[in-house]
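Q: In full-length UniProt numbering, the protein residues as written are 1 to 336. Yeah, the Cβ is synthetic: ideal placement off N, Cα and C, and Gly gets one too. Take this structure first; my questions come after.
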């Protein structure tokens, strides 16, 4: 089943709001992560929301973000055909308006997150509204996510030292004036590694924001960024209050590298020569009795391990977020 656009993604969010579950929005920086995510989502009957940052697009496109988006968009579409779930693509933390305009013209992403949260309120409103107007002018169904309040930590090389909680009444004004389809809120989460930190989560604030929006006739899905250190019980509490998109990135990066480390550290002499043997990699050890083990160093070996580990991690996350067994598009294909 191919990956879908904004209209279909909006239907999933409507369902999530009605039933109180969330989609895990999973960043991909490398194809093995993408493959693992698709396998894990399909295993659990959960629709899948992939995410690409500007940095990931540049990496995939050898420095050219548009080329990277085209390459990854095509890759996602081809592989998604193998699975019987809905697959979607969000562009995460976008700040370059020219690149955003190109994304809309290419009609590749299902949704785009414009991040002007570092700017003063009025500038954030103006920039976010400009992106919404781009979509309207193009007659596109691409959804627009905007952020109000700043999340502490590092995201795609942008660092914020302080976290500013989102004000409920300001959230109402922001959504009303921008026309954003989703609102990312700041309720005490942090980007990046959260070891040993008290995240000071504010589910009560998420509740107040949700209620303020509904009181003004706005049934806007809320988004939780910086969730890699959030524990399952904390996340489930947030999901009760209109959070239906939960971003994950750092966790997958760690699992990727940790899986490779575990494989290679289990038998290091399959990769590097033991003490006393010359490290003659330039001649590929043609004059030594020792040689590396291709059944370990072949990158497809570790790639398969990484895919399996990412699939397991994502499968667990779908259960925590409540999206397991809720694939709207699997249900629709079954009825066809």
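Can you name, in chain order, every residue of its own chain whose Cβ lies under 8 Å from the Cβ of residue 165, other than the five neighbours on each side?
A: Taken in chain order, the residues that qualify are 149, 186, 187, 188, 202 and 205.
Q: Compute the distance between the beta-carbons of residue 329 and residue 22, then report whether it is under 7 Å.
A: Not a contact, by the Cβ cut-off of 7 Å.
Q: With which residues is residue 145 paired in a DSSP beta bridge?
A: Answer is 113 and 182.
Q: Using 8 Å for Cβ pairs, my map puts residue 178 next to residue 137. What's the rounded Cβ distance?
A: Actually they are not in contact, since the Cβ atoms of residue 178 and residue 137 sit about 15 Å apart, beyond 8 Å.
Q: Which first and last residues belong to the beta strand (DSSP E) in which residue 239 is found?
A: Run containing residue 239: none in the beta strand (DSSP E); it sits in the alpha helix (DSSP H), 232-239.
Q: Might you give, ordered along the chain, the residues of its own chain that have their beta carbon closer than 6 Å to the beta carbon of residue 309, omitting 5 neighbours on each side?
A: Same-chain partners within the cutoff: 255 and 259.
Q: Report buried or exposed for residue 257, applying the criterion of at least 16 other Cβ atoms within 10 angstroms of its Cβ.
A: It counts as exposed.
Q: On the premise that residue 41 lies in contact with residue 314, defined as a C-beta separation below 8 Å, what is that separation, rounded to the nearest angstrom?
A: Between residue 41 and residue 314 the Cβ distance is about 6 Å, and since that is below 8 Å, they are a contact.
Q: Return the first residue and the last residue of the alpha helix (DSSP H) that residue 74 is part of.
A: Start and end: 65-80.
Q: What is the rounded straight-line gap between the Cα of residue 169 and the Cα of residue 143?
A: The straight-line gap from Cα to Cα measures roughly 23 Å.
Q: How should residue 112 be labelled, buried or exposed, when 16 other C-beta atoms within 10 angstroms of its C-beta is the threshold for buried?
A: Buried, since its Cβ has 16 or more Cβ neighbours within 10 Å.
Q: Once the 5 residues before and after residue 216 are set aside, which same chain residues still bring their CB inside 8 Å of it?
A: Only 172 and 176 meet the Cβ criterion.
Q: Have a look at 95, 99 and 104 and flag the residue whose alpha-carbon is nearest the alpha-carbon of residue 127.
A: Residue 127 has its Cα closest to that of 95, out of 95, 99 and 104.
Q: Can you list, in chain order, the residues of its chain whose CB lies under 7 Å from that of residue 311, leaving out five sequence neighbours each side?
A: If we look at residue 311 and ignore the five residues flanking it on each side, its Cβ neighbours are 36, 39, 40 and 43.
Q: Answer yes if the stretch 239-249 comes into contact with the stretch 13-27, meaning at least three C-beta pairs across the two stretches below 8 Å, and no otherwise.
A: The stretch 13-27 is in contact with the stretch 239-249.
Q: Considering only their Cβ atoms, is the gap separating residue 90 from residue 25 smaller than 7 Å?
A: Going by C-beta atoms, residue 25 is nearer than 7 Å to residue 90.
Q: Counting only the same chain and skipping the five closest in sequence on each side, list residues whose C-beta sits under 6 Å from that of residue 285.
A: These residues qualify, in order along the chain: 291.
Q: Determine the burial state of residue 74: buried for a count of at least 16 other Cβ atoms within 10 Å of its Cβ, exposed for fewer.
A: Its Cβ having fewer than 16 others within 10 Å, residue 74 is exposed.
Q: Can you tell me where the beta strand (DSSP E) with residue 26 in it begins and where it stops?
A: From DSSP, the beta strand (DSSP E) with residue 26 extends over 23-27.
Q: Starting from residue 92, trace the beta strand (DSSP E) both ways and give me its first and last residue.
A: Note, residue 92: beta strand (DSSP E), 87-94.
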